[in-house]
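Have a look at the structure below before the remarks.
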Amino acid sequence: MKPITALLLAAGILSPSFILAATPVETAPTQKAGKAAPNRGAAVKVTSVEGITEYRLANGLRVLLFPDASKPTLTTNIVYLVGSRHENYGETGMAHLLEHLLFKPSANFGIKKGTKTPVEILNSTGAQFNGTTWYDRTNYYATFPANDDNLRQMLAMEADRMVNAAIDQNDLWNPKTQKGEMTVVRNEFEMGESDPIGVTSERIQAIAYDWHNYGKSTIGARSDIEQVNIPRLRAFYHKYYQPDNAVLMVAGRFDEAKVLQQINDLFGKIPKPTRVIEPTYTAEPVQDGERAVTVRRSGGTQFVGAGYHVAPSGNPDAVAIEVLGHVLTDAPAGRLHKALVETKLASKIEYNSVSNLEPGYNLFGALVPVDGNLDAAQAAMLKVLEELKAQPITDAEVARVKQQLNKQIELATSNTARLTIALTESLAAGDWRLFFLQRDQLDKLTAAQVQAAAEKYLKSSNRTLGRFIPTDAPDRTVVPAYADVAPQLAGYTGRAVVAQGEAFDPSPENIEARTQRFTLPNGLKGALLPKKTKGSTVSVVLKLQLGSEESLRGKGQVGSYTANLLSRGTDKLSRQEVKDKFDQLGTQVAITGGAEGVTAMLMGKRENLPAAMDLLAQVLQKPALNATEFLELQRERVGRAEQELPEPQPLAVNAFRRLLDATPEGHVRHVATLPAELAQWKAINVADVKAFHGAYYGASSATFAAVGDFDPAALKAQVASLYGSWKAQQPYVRIPDTVKPVSGEKVTLETPDKANSVLFAIQPIPLKDDAASYPALLMANHMLGGGALRSRLADRIRQKEGLSYGVGSQVSIPSREPAGYWMAYAISAPQNTVKVEAALREEIAKVLADGFTEAELAEAKKGWLQSQEVGRTQDSGLARELAGYLAQDRTMAYDKDLETKVAALTLAQVNQGLREYLKPSAVSIVTAGDFAKVAKEGDSGAKATTSK
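All letters in the sequence shown, in the order written, are residues -21 to -1, 1 to 927 by mature numbering (1 follows the signal peptide of the UniProt record, and there is no 0).
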């Protein structure tokens, strides 16, 4: 997830949206010169493990097919075995730059007249998609509705951009226009430079490596990003983007024989290259003593980290190393957590375990309050890490972590799309079957093996952090070399294929027809959607609605603390025991919320649902709310608040929210300044939390929804038993939505020493989501800035101007009161913020004057409608929607009605909808960045010019 999106989601400002919208286009890749003639023989089966079958085409392309009829979606994931490890001097970041350029036009997708670009194809299928680059691989994945046209054009697009991408100089950087993708990637680099903790972690890893490319950040050096030339980038592309260096995965609802033939027809036309990819041979020497680095930058918290070289991810030691990391860092039982967080030396423990083909690196870290003792925290951390021989790893610790990891693995194998993406890292580490092999190795792992790994790798001479200390008897670690996984996989067959689910129709009509609703005597409303799912999984959502406007005055922070403390123990179970029991049940639990309400989510297996429901009720109704856990949570929350104080994104988000805030001070929704919020977080005590839970928690106004494999009669009876008599002392009264009628304001915030800036454009819109003009406004915003990489704003500010890595817009319209708003956002370098605002205003003015086109509207409709369909295939998201609709007295008929209205929209209606509500003069602007530095550098440049 992009940082700006993640931040807005966390703040509750930006709603999660699915990447959009495609016309079937099938084409054969153009053959390149200098390659062997194509061999179009039949695909050969290589191996099959747990429902996944590997084939190999004559040109070397490896194909993994994973049929799953339980959801009407498909996932394609093509992995190229090339990453930043393969980059040469002056080419750092090249693999990542290339990933960006693969979304630009290729010979038959965007360059050929009348065809769509890759971004347009991905948007028009309603796909959830992305491309990612790492040390050993690059991948491109997409999940979209399962139909022949969508899959045909997705495969054709991947085949075409494998060998026919333009890799055009003007796409990278056009010297005449001073625009291109280079500046977008540079802005992504600048975002990382604004994170002092991330920068420190990169510096530690850089010091740890003398020669290997694992010591360099995948995004590359700024100078290389800015100066890499197109011939070198094109040569890199032609060398590594070839069928014999790629693995194509297709998973979901499809006919295996038909799709295999289609893949052979499309990709088999690409000749097998005559070039040979030589293996990389740079090997890191054995580290011969402690190393250290200090970073001095602006920031709101301290950090200490200790990194250690470890075996490759394919080495048998890898599983023991991963378990060791969890034993040390998990909360609350982790040894580092107990030694640093519980003793108040640190507010949080960090752990970074990277999957690598060659000898890798693990990093342990601790966030220390700005007024904390960094030396003491460092000493305590190293004592835990490097004195494990005196305090050996126990069987109970290993069993707990194995149970936790097995739960995650089981849930992953029950989600085809998730598993398909997860196999990317196993492929990069040596073979996709490592995922299953290492799961089996995990089952057999002993505490003695974990202890051996700890003593082998966690030693001072293998550490990057401390000082150099001469010694006559150096104790050095020889890290195992490249892992040969073939002998480990000899004869390996894996386990039985996970039980399959039904072919479920995710249309609003079918969902509504199969949903059973009920209301308990105490007022709790429920919605049950039973269906057969892959792995017999079920998702449950319980939403508690709390308090009233008057009773909740001044209780925003205490309500948040209460919600976050719920899962940290009950009156009978400790925090660790609660965590262990959910792990034993193979159930994921998430409890979020604040003063106005709490949402609890469960996801697990049918057979464990009753026990998980009982445990959840105990957590919600009888939490421990003890002082120790409260103080730990408070230190963590205060530490996060202190860390946010100097950062552009939190400051801009806070200013944005304050601009729209129509509530008085003391109102539960009132938005205070960040320093004021920090003071409020510090002022709460555990007694306040206990009093809040006792007065406000109850289920009289709750909503409950379940989607998946369960017994509806039994679940309804259990809900009634658990929550039917749970009543809050303070009654619930819904608080109306409000928005301040702000117009044309300008807020500028200075954030010294930050390489990134944030811009928000905001305008209140007095509208409800049942208004006749809402569908038109929804589509207008989608075309203006709602599409992923494909919208008027994205086309101009990111694709054409290259000013911003993240840019878009959203319209947020509530259901009860006319209190909505439109917003746009962009991130950029501070020196480009003025250009970004100008471009944004120009695009708004242009679309208001000229309107959209029929082609834009047709593509937007199709993409948006398909994204709605994809969203309903996610059981957890559907359960959230059903639970939310119960509180609004809505059914899935609302979705059907909205989609019908969207489909029927005319271009005139859409253009008029935007013109009616979006007024350029009323748009307010919030910016945060180091603008003083920009002004100072501008003055210096002007003086230098004058002196000539």
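Here a beta-carbon is modelled for each residue, glycine too, at the ideal position from N, C-alpha and C.
Taking all protein chains shown into account, do 16 or more other C-beta atoms lie within 10 angstroms of the C-beta of residue i, making it buried, or fewer, making it exposed?
i, result
"V58", "buried"
"residue 929", "With the chain running from -21 to 927 in the structure shown, residue 929 is simply not present."
"R418", "buried"
"K915", "exposed"
"S539", "buried"
"S289", "According to the sequence shown, residue 289 is Val rather than Ser. So V289 ends up on the buried side."
"A236", "exposed"
"Q157", "exposed"
"Q430", "buried"
"E366", "exposed"
"Q206", "exposed"
"N208", "exposed"
"E821", "exposed"
"R713", "exposed"
"W190", "exposed"
"F586", "Here the sequence assigns Glu to residue 586, which means Phe is not the residue at that position. With fewer than 16 other Cβ atoms within 10 Å, it is exposed."
"P449", "For P449, the pLDDT reaches just 43, beneath the cut-off of 50, and the residue's location in the model is therefore unreliable, although a value from the coordinates is still provided. It counts as exposed."
"A817", "exposed"
If you follow the alpha helix (DSSP H) that residue i is in, where does it begin and where does it stop?
i, result
"A759", "Y753 to N760"
"M871", "From DSSP, M871 is part of no alpha helix (DSSP H); its letter is neither H nor E."
"A692", "P691 to Y702"
"V665", "V665 to Y675"
"residue 929", "Since the first residue shown for the chain is -21 and the last is 927, residue 929 is missing from the structure and cannot be characterised."
"N660", "Looking at the sequence shown, residue 660 is not Asn but Trp. Element bounds for W660: L653 to A662."
"T395", "T395 to A408"
"F415", "L413 to K423"
"S783", "No alpha helix (DSSP H) holds S783; DSSP gives it neither H nor E."
"R648", "No alpha helix (DSSP H) contains R648, which DSSP labels as neither H nor E."
What number of angstroms, rounded off, separates the C-alpha of residue i from the C-alpha of residue j?
i, j, result
"I570", "T578", "6 Å"
"R636", "I741", "10 Å"
"A185", "I823", "44 Å"
"T443", "Q383", "29 Å"
"A911", "P629", "19 Å"
"A407", "V902", "47 Å"
"V477", "F233", "17 Å"
"A180", "N501", "It should be pointed out that residue 180 corresponds to Ser in this sequence rather than to Ala. If you take the alpha carbons of S180 and N501, they lie about 53 Å apart."
"L508", "L610", "40 Å"
"V380", "A325", "23 Å"
"Q708", "L599", "15 Å"
"A685", "I792", "26 Å"
"R314", "D350", "23 Å"
"A22", "V238", "11 Å"
"H217", "A138", "14 Å"
"I176", "A271", "15 Å"
"T652", "A634", "8 Å"
"I904", "E724", "6 Å"
"L588", "F483", "21 Å"
"T642", "D716", "10 Å"
"E860", "R869", "10 Å"
Based on DSSP bridge pairs, tell me the residues matched to residue i.
i, result
"V347", "Q281"
"E729", "G908"
"N341", "Y287 and S332"
"S770", "Note: S770 sits in no beta bridge, so no partner."
"Y800", "P743 and S791"
"A685", "L507 and V519"
"N153", "K158"
"V23", "R35"
Since residue i is in the beta strand (DSSP E), which residue starts that stretch and which ends it?
i, result
"Y59", "T52 to Y59"
"R636", "Note, R636: premise wrong, no beta strand (DSSP E); alpha helix (DSSP H) at P627 to L639."
"V517", "T516 to Q524"
"E33", "I31 to R35"
"K381", "That residue, K381, is in no beta strand (DSSP E); its alpha helix (DSSP H) goes D374 to T392."
"F483", "Careful: F483 lies outside any beta strand (DSSP E) and carries neither H nor E."
Practice problem: For the stretch 78 to 151, list the alpha helix (DSSP H) runs that are entirely contained and at least 4 residues long, ordered along the chain. | Solution: 97 to 103, 127 to 142 and 148 to 151
Practice problem: Return the chain-ordered ranges of every alpha helix (DSSP H) run that is complete within the stretch 552 to 624 and spans a minimum of 4 residues. | Solution: 554 to 563, 588 to 600 and 606 to 623
Exercise. Identify every run of the beta strand (DSSP E) within the stretch 213 to 301, keeping only runs that are complete inside it and at least 3 residues long; order them along the chain.
Key: If we require 3 residues or more, the beta strand (DSSP E) runs fully inside the stretch 213 to 301 come out as 225 to 231 and 281 to 289.
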